[in-house]
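So the sequence lines, in the order shown, correspond to chains R and D. Using our numbering, read the first sequence as starting at 124 and increasing by one per residue. Using our numbering, read the second sequence as starting at 124 and increasing by one per residue.
Number of protein chains: 2
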Amino acid sequence: MQKNEIWDFFVIGGGPTGIAASIYASRFMLKTMVVGKDIGGLIVRTHLVENYPGFVSCSGQELMDAFLKHAASMKVPVVEDEVLAVTKIKPYLFEIRCGEKTYHAKTVLFATGSKWRPLDVPGYKEFYAKGVSHCATCDAAFFKDKVVAVVGGSDSAAKEALLLTQFARKVYIVYRGEEIHPEPINGARVKASKKIEIISKTNIIEIKGIKTVTGAVLDKPYKGTKELPVDGIFIEIGHIPLSDLAVSVGVAVNDKREIMVGPDSRTNCAGIYAAGDITQSPYRQVITGAAEGVIAAFSAYEDLGKQ
Amino acid sequence: MQKNEIWDFFVIGGGPTGIAASIYASRFMLKTMVVGKDIGGLIVRTHLVENYPGFVSCSGQELMDAFLKHAASMKVPVVEDEVLAVTKIKPYLFEIRCGEKTYHAKTVLFATGSKWRPLDVPGYKEFYAKGVSHCATCDAAFFKDKVVAVVGGSDSAAKEALLLTQFARKVYIVYRGEEIHPEPINGARVKASKKIEIISKTNIIEIKGIKTVTGAVLDKPYKGTKELPVDGIFIEIGHIPLSDLAVSVGVAVNDKREIMVGPDSRTNCAGIYAAGDITQSPYRQVITGAAEGVIAAFSAYEDLGKQ
């Protein structure tokens, strides 16, 4: 690499969306690199992926290993580093300042996805990683024969609960809404599990513990008491798009801070694209994120051809 | 299967788009089946797929084997049959008449893709399968040490030419335009090949032969003559969307007869979706078609939930 090297297509984010984009961009012979804080993205924290067509059943890590091998076969540099600032120098020239070094690129793809939404109650911060977790894949094994609660009603919440049943002796799902709404196949699995008990129309308002979590305080009684004794609490209440960097360089977002993109993955800024969970696209699947990333590569290739 | 069985989600088309849709629909616990005239779709005629993320390099058949195995794991029936007519009986009830039997379904996905565009010149029909082909994957091996021409300037044309160099001693690319426009990686491979010679700004106006192809007549002289002696002619001039059935049931198409869909893969008709190469989506990749199919499954699941 030369000192003043300028990349054609600079991908921020090392999840499936960014990696898929880089595979296509390099096939378009765009000089492409990927920088991500967490190579692999959030999907590597998922223990079970059964819905990326062509991979019947694998872990998120296995799927991303295949994606990363694919990018490596195209000789795309994939660098673990944190992007600290993105600045527009002039049309189709951006500076990307990272923790380790600074890069220049003609186009930028934001594919930084999202982070877990924290549970905003007393005890969350205090007991984070001391019984409070966002990731059953990472932490389920610590709860062998224990009692845990999963907070949330989504498909992710159901999948976390199902994984936890392999270790814990009891798994509560605490959901503020009427009925949890996982993918039907996972809903049926939850129903079939004798270890899972759903506490609906209920919020956790405090997490209690002594060194580690000992219980949750509910906002209404369950079986006669507001105190729910648990050893672990898994928070699955959605994600926050990691769009701050994009906003700082002028990219438009909606009120959820999701980047607004067209069907061509272009943003409102020339030379800047976005794809995957950072955008307003509602599907949030590996297959749809990857396709959006690929479309971003098409658009960048087209835009650079006109320069 | 009962006699009066009604399917929730009926996929017409057994290519990657339809199969991906069926995997998701069955995860949504929609009663799903797939009928296709050619299970696997056109992609199985492609000898080299290097751009479906996660599969570094494989044949189209290998990729589709993985997709079909995935659908089989979800117990989706995938039936080889030709759909002859689709009729709307009432809202969210369609009759699908096939060669072998007739089905009923609440929703229908058109994922029938496209067929090869024929070359409209004298000799095309006469010598079809007698030296004239649309599929190097199928027929390249018949041309060992022979001379062949590929008609077209797209990435498909370049890939066909590259495959043919493994057998033929000489491969012409005859293209009506100024410069062929493959993916850059394949453009570089074409350039590097000593067997490939590009004849640009030229059309074939007649195919000649005696029992099998012996040559092509060009519309302008090449190296002093309009007669190009070749043993085989591979036509790669695009595709025609297979949208007639959809049109017959009221689905709107554009002037290329591509089905007009929204970003949610819905058509203008309630309960009818379309995805992949049959639509106006310009990308025509396995990854984008699969994502569009998946999105159709999301939309059908949502629409059926409201019924």
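Glycine included, C-beta positions come from ideal geometry on N, C-alpha and C.
Task: DSSP beta-bridge partners of D:M156 - done: BP columns for D:M156 point to D:F133.
- [ ] Please report how far the alpha carbon of D:V376 lies from the alpha carbon of D:M383, in whole angstroms.
- [x] A straight-line Cα-Cα distance of about 5 Å links D:V376 and D:M383.
TODO: Throw me the rounded Cβ distance for the D:I321 and D:I303 pair, which I believe falls under 8 Å.
DONE: Indeed they touch by this definition, with Cβ atoms about 6 Å apart.
Task: Cut-off 8 Å between Cβ atoms - residues of its own chain near R:M124, not counting five sequence neighbours on either side - done: With a pLDDT of only 48 at R:M124, under 50, the local geometry of the prediction cannot be trusted, and the value read off the model is given with reservation. Hits under 8 Å: none found.
Open item on the list: So if I threshold CB-CB distances at 9 Å, which residues from the region 159–179 of chain D count as touching chain R?
Closed with: Those residues of the region 159–179 of chain D that come within reach of chain R (Cβ to Cβ, closer than 9 Å) are E173, N174, Y175, P176, G177, F178 and V179.
TODO: Check the Cβ-Cβ distances between R:P307 and every residue of chain D, and say whether any is below 7 Å.
DONE: At a cut-off of 7 Å between beta carbons, R:P307 contacts chain D.
- [ ] With DSSP as the reference, label R:S422 as helix, strand or coil.
- [x] In this structure, DSSP gives R:S422 a helical state, which the three-state scheme calls helix.
TODO: Answer yes or no: do R:L427 and R:K238 have a C-beta to C-beta separation smaller than 7 Å?
DONE: Contact: no.
- [ ] With a threshold of 16 other CB atoms inside 10 Å of the CB of D:L285, please say whether the residue is buried or exposed.
- [x] Label assigned to D:L285: buried.
TODO: List the residues of chain R whose Cβ lies closer than 8 Å to the Cβ of D:F190, in chain order.
DONE: Residues of chain R passing the Cβ test: P176 and G177.
Task: D:P352: contacting residues in chain R (beta-carbon distance under 9 Å) - done: What D:P352 touches in chain R: nothing, since even the nearest Cβ is about 35 Å away.
- [ ] Taking only the alpha-carbon atoms, compute the straight-line gap between R:G136 and R:G412 and give it to the nearest angstrom.
- [x] So the two alpha carbons sit approximately 12 Å from each other.
Open item on the list: With a threshold of 7 Å between beta-carbons, can R:T411 be considered close to chain D, or not?
Closed with: With 7 Å as the cut-off, R:T411 counts as an interface residue toward chain D.
Task: Classification of D:L186 by the beta-carbon crowding that lies within 10 angstroms, buried from 16 upward - done: Burial is judged here by how many other beta carbons sit within 10 angstroms of a residue's own beta carbon; D:L186 has at least 16 and is buried.
Task: Proximal residues of chain R, C-beta to C-beta of D:T142 below 8 Å - done: Reading the sequence as shown, one finds Ile at residue 142 of chain D and not Thr. Those within 8 Å of D:I142 in chain R are P176.
Open item on the list: Let's see if you can read the secondary structure: which residues bound the alpha helix (DSSP H) around D:D268?
Closed with: It is not in any alpha helix (DSSP H) - D:D268 carries neither H nor E in the DSSP assignment.
TODO: Report the three-state DSSP secondary structure of D:E185 (helix, strand or coil).
DONE: In this structure, D:E185 counts as helix in the three-state DSSP scheme.
Task: First and last residue of the uninterrupted alpha helix (DSSP H) at R:G310 - done: Start and end: P307 to A315.
TODO: Output the residue ranges of the beta strand (DSSP E) runs that lie fully inside the region 314–347 of chain D and measure 3 residues or longer, sorted by chain position.
DONE: If we require 3 residues or more, the beta strand (DSSP E) runs fully inside the region 314–347 of chain D come out as 319–322, 327–333 and 335–345.
Task: Test item: CB-CB of D:Y247 and D:A272 under 7 Å - done: At a Cβ-Cβ threshold of 7 Å, D:Y247 and D:A272 do not count as neighbours.
Task: Chain-order list of residues whose beta-carbon lies under 8 Å from that of R:N99 (same chain, five-residue window excluded) - done: As shown, chain R starts at 124 and ends at 430. That puts residue 99 of chain R outside it, with no answer to give.
Open item on the list: So if DSSP puts R:C221 in a beta bridge, which residue, or which two residues, is it bridged to?
Closed with: The bridge partners DSSP lists for R:C221 are R:V206.
Task: Outcome for D:V313 when other beta-carbon atoms lying within 10 angstroms are tallied against a minimum of 16 - done: Under a 10 Å Cβ-count criterion, D:V313 is classified as buried, with 16 or more other Cβ atoms of the shown protein chains found around its own Cβ.
Task: Cα-Cα separation between D:T140 and D:N127, rounded to whole angstroms - done: Annotation: D:T140 to D:N127 spans about 27 Å, alpha carbon to alpha carbon.
Open item on the list: Is any non-hydrogen atom of the ligand ATP found closer than 6 Å to the C-beta of D:C181, if you look at the structure I gave you?
Closed with: In the structure shown, the ligand ATP is absent, as is every other ligand, since no ligand is present at all.
Open item on the list: What would DSSP say about D:Y226, mapped onto helix, strand or coil?
Closed with: Strand.
Task: D:V244 vs D:I328 beta-carbon contact at 7 Å - done: If you check the CB distance, D:V244 and D:I328 come in under 7 Å.
Task: Top-ranked residue by Cα proximity to R:V297, from R:I356, R:Y251 and R:Q403 - done: Nearest neighbour of R:V297 by Cα position, chosen from R:I356, R:Y251 and R:Q403, turns out to be R:I356.
TODO: Please classify R:D212: is it buried, with 16 or more other beta-carbons within 10 angstroms of its beta-carbon, or exposed?
DONE: With the sequence shown as reference, residue 212 of chain R is identified as Ile, and Asp is not the correct amino acid for it. Taking every protein chain shown into account, the CB of R:I212 has fewer than 16 other CB atoms within 10 angstroms, so this residue is exposed.
- [ ] Reducing DSSP to helix, strand and coil, say where R:Y147 ends up.
- [x] Looking at R:Y147 - three-state DSSP - the assignment turns out to be helix.
Task: Rounded separation between R:L242 and R:I166 - CA only - done: Put simply, the backbone Cα of R:L242 is about 21 Å away from that of R:I166.
TODO: Output yes if chain D places a C-beta closer than 7 Å to the C-beta of R:F433; else output no.
DONE: Shown here, chain R extends from 124 to 430; a query on residue 433 of chain R therefore has no answer.
- [ ] Report, in whole angstroms, the separation of the C-beta atoms of D:I207 and D:R220, which I expect to be a contact under 8 Å.
- [x] Per the sequence presented here, residue 207 of chain D reads as Leu, with Ile not at that position. Separation of the CB atoms of D:L207 and D:R220 is rounded to 5 Å, and the pair is thereby assigned contact status at 8 Å.
Task: R:K238: first and last residue of the uninterrupted beta strand (DSSP E) it sits in - done: For R:K238, the enclosing beta strand (DSSP E) has its first and last residue at S237 to W239.
Open item on the list: To the nearest angstrom, how far is the alpha carbon of R:I146 from that of R:A195?
Closed with: C-alpha separation (whole angstroms): 9 Å.
- [ ] For D:F266, collect the residues of the same chain with a Cβ closer than 7 Å to its Cβ; drop the 5 residues on either side in sequence, then sort them by chain order.
- [x] Answer for D:F266: L287, F290, A291, D354 and G355, listed in chain order.
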